[in-house]
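Participant: Have a look at this one before I ask anything.
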Amino acid sequence: MIAEIKNIKISINKLLLVFLCIGFQGWGQNTSNFIKNLRAPSLGVTSSTVLLLWDDQYEPNVMLEDYSNSKLSYDIYQDGVKIATANKHTYTVKDLSPEHNYSFSVCVTKSKAHKFLEENAINVTTKKAGKIFNVKDFGAVGNGKVEDTEAIQNAINSCDKGGTVLVPSGSYLIGQIELKSDMTFEIEKGAFLTFIGYDDIGVLKRFKTTLAHTDGDKIHTGKSLIYGSNIHDLTITGEGVLDANGETWWPHFPVGLEKVNGETRPRFLELVKGSNILVQGVTFQDSPKFNNVLIYIDNVIYSDVKILKYSTVEGRNGDGLDPYGSRNVTIVGCLFGNQDDSIALKGDGKSRFCENIKVLDCVFDGNAAPGASPLGFAIGSGCKVKGVLVKNCTFIDAASIANIKTKKDASYTFVEDVRVENITYINTKHIDRKWNHAPIALDQYYYAPEDKGPKVFQPLTPETPFFRNIQFKNIRINNPVGRGIYIAGFAELPIQQVSFTDMMVKSLDGFSIQNVQDISMQNVKVELVTQQD
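Right, dumping it as structure tokens:
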């Protein structure tokens, strides 16, 4: 079933849409040889690597039937010599010399515009290399049998400012470790760090950090396998693997049981209160609870990181990356094959805003690891968020592109200025659930009881959560097992300023939209399908 409606811009108090289809007009633009905004963020420059980012001169057109075959690839040049080809808008140049100036340029593959290389080149100087602290020089064995926690921690404690703790190839059995400021923790390719399992790890250290809230300072108590508090200028890099051995924890903590003998499950990596954090290249897998958590951290880059659920043992609360009250966070070129929310912006009504968050060229793939079941990108039910960009991402058998959620009692929740652009989504595994209603969901009744749904006016107070200015553009959805879009705003305070532009939505149940003020739809094509299609 297909129908067409032209240029919708209305206020919706209650509307169930099972179709919305707006005719497509081709852009008529030729593929450009040029890219724009080539840049190398200073935080992404180390003594041996440079992270490059760029944008297309023209946005891709997901409305084209052969869109998947028309994606561009890019040639990367270093000092005028081609060194690689990338199919994303990012590339990390490796094996560079410290304190050396390089010239980089990028153009569309098969481009004949040679002058482009000169006109769009950028110059980057790599940083000074610090002293190397090899964990084997501190007694690490790396045979997977002897515990190497003390050796690795001693190397970290001994590391000079600006130095690098190197974990060379090998298998390391470790327990809890603490990172510190002004250092690089490099996990070399071929290095596999396995954390001691639930039965043998013993009681883990808790750490406390003071955080500012609108109603005064609060003490945060953390418990993680890898942690750092009041930390700055930290790099975690390499192509090695960190395995938290979550399958030894999950069976002891079934749904509804958060403590055993007074102990909770630890997070994998937790950094609290700090700035200038670069995490690149490494793989995190099988966390007991939440893989990476960033609390009150400013200026962060995650690049080419993999976060996976490799074990097939049933797990829970396996969020991939959770920025909590953090600002200026760029997540680029990462792969999420985790269980639960892949990226979840978090906080509470009295904590800091999560602000200026960019998710670029990431893949959310339910087939990336044997135990993967990613829910995609989410904004948590109790946080304050403004300035979010999700762009050039691919979702494969993930539950959602964007699940923005709250509930009435999540006081002071505020979400503003969210843009989701240039997205492809295909799903055959995740049906609609009460915690994830559709690939695109704006849900202000997260886990709400039936008697307090979108039809019921509740008292309007200063604490009532509020969403506004949320934009979706250039998105292709193929979801034959559920809805295309779900919006449920408060009857007493509707969601405001929501737009959908240049979208193709193929879904089983179409749209469900209630309680929105000022919704715009332009060039949106929707087709209802059966599961057999």
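Residue numbers (the working numbering): 174 to 706. Ideal Cβ positions, reconstructed from N, Cα and C, are used throughout, including at glycine. In this text the structure is predicted, and so the values were computed from the model without any measurement.
Give the range of the beta strand (DSSP E) segment to which residue 696 is assigned.
Facilitator: Run containing residue 696: 684–701, per the beta strand (DSSP E) assignment.
Participant: Do you know how far the Cα of residue 456 is from the Cα of residue 542?
Facilitator: 12 angstroms
Participant: Got a sec, what are the start and stop residues for the beta strand (DSSP E) residue 528 sits in?
Facilitator: Counted as a single uninterrupted DSSP element, the beta strand (DSSP E) harbouring residue 528 occupies residues 527–533.
Participant: In this structure, how does DSSP classify residue 572 when only helix, strand and coil are distinguished?
Facilitator: coil
Participant: Under a three-way DSSP split, which group does residue 336 fall into?
Facilitator: strand
Participant: Helix, strand or coil: which one does DSSP assign to residue 537?
Facilitator: strand
Participant: Nearest-angstrom Cα distance between residue 590 and residue 640?
Facilitator: 9 angstroms
Participant: Do residue 432 and residue 469 have their C-beta atoms within less than 9 angstroms of each other?
Facilitator: Between residue 432 and residue 469, the gap from beta carbon to beta carbon reaches 9 angstroms or more.
Participant: Please give the ranges of any beta strand (DSSP E) in the segment 408–479, keeping only runs that are unbroken, at least 3 residues long and fully inside the region.
Facilitator: 414–416, 440–453, 456–458, 465–476
Participant: Helix, strand or coil for residue 207 per DSSP?
Facilitator: Correct three-state label for residue 207: coil.
Participant: So what does residue 512 bridge to, in DSSP terms?
Facilitator: 546
Participant: Rounded to a whole number of angstroms, what is the C-alpha to C-alpha distance between residue 259 and residue 250?
Facilitator: 11 angstroms
Participant: Quick check on the DSSP output: the beta strand (DSSP E) that includes residue 329 runs from which residue to which?
Facilitator: Here residue 329 belongs to no beta strand (DSSP E); instead the alpha helix (DSSP H) covers 322–331.
Participant: Residues bridged to residue 676 by DSSP?
Facilitator: Residue 676 is bridged to 648, 697.
Participant: Rounded to the nearest angstrom, what separates residue 246 and residue 502 at their Cα positions?
Facilitator: Approximately 26 angstroms, taken between the alpha carbons.
Participant: For residue 631, count neighbouring C-beta atoms within 10 Å of its own C-beta (all shown protein chains included) and say buried if the count is 16 or more, exposed if not.
Facilitator: With fewer than 16 Cβ atoms within 10 Å of its Cβ, residue 631 is classed as exposed.
Participant: Anyone know if the C-beta pair for residue 619 and residue 679 falls short of 9 angstroms?
Facilitator: no
Participant: Grouping DSSP H, G and I as helix and E and B as strand, with all else coil, what is residue 352?
Facilitator: coil
Participant: Examine the Cβ distances between the segment 342–361 and the segment 309–329 and report whether three or more of them are shorter than 8 angstroms.
Facilitator: yes
Participant: Quick check on this structure: which residue in 685, 366, 478 has the alpha carbon closest to the alpha carbon of residue 605?
Facilitator: 685
Participant: Where does the unbroken beta strand (DSSP E) through residue 661 begin, and where does it stop?
Facilitator: 658–661
Participant: Could you tell me which of 239, 495, 212, 265 sits nearest to residue 530, measuring between CA atoms?
Facilitator: For the set 239, 495, 212, 265, the Cα lying nearest the Cα of residue 530 is the one of 495.
Participant: Applying the 10 Å Cβ sphere with the 16-neighbour rule, what's the burial state of residue 689?
Facilitator: Buried, because 16 or more other Cβ atoms sit within 10 Å of the Cβ of residue 689.
Participant: Under 7 angstroms Cβ to Cβ from residue 437, same chain only, skipping five residues before and after it: list those, please.
Facilitator: 396, 431
Participant: Looking at chain C, is there any beta carbon in it that lies within less than 9 angstroms of the beta carbon of residue 639?
Facilitator: Going by chain labels, chain C is absent from the structure shown, which holds only one protein chain.
Participant: With DSSP run on the structure shown, which of helix, strand or coil describes residue 216?
Facilitator: helix
Participant: Do residue 576 and residue 609 have their CB atoms nearer than 9 angstroms?
Facilitator: Pairing residue 576 with residue 609 gives a Cβ-Cβ distance under 9 angstroms.
Participant: Between the C-alpha atoms of residue 315 and residue 458, what's the straight-line distance to the nearest angstrom?
Facilitator: 19 angstroms
Participant: Are the CB atoms of residue 554 and residue 597 within a distance shorter than 9 angstroms?
Facilitator: No, they are not a contact pair.
Participant: Assuming residue 418 contacts residue 370 (C-beta within less than 8 angstroms), just tell me the rounded distance between them.
Facilitator: At roughly 5 angstroms, the Cβ-Cβ gap stays under 8 angstroms, so residue 418 and residue 370 are in contact.
Participant: Quick check on the DSSP output: what are the complete beta strand (DSSP E) runs of length 3 or more inside the segment 222–255, in order along the chain?
Facilitator: 223–229, 247–251
Participant: Please report the straight-line C-alpha distance between residue 313 and residue 340, rounded to a whole angstrom.
Facilitator: Take the alpha-carbon of residue 313 and the one of residue 340: they are about 9 angstroms apart.
Participant: Check for me: the beta strand (DSSP E) holding residue 280 runs from which residue to which?
Facilitator: 274–281
Participant: Helix, strand or coil, according to DSSP, for residue 624 in the structure here?
Facilitator: helix
Participant: For residue 308, does the three-state DSSP call read helix, strand or coil?
Facilitator: helix
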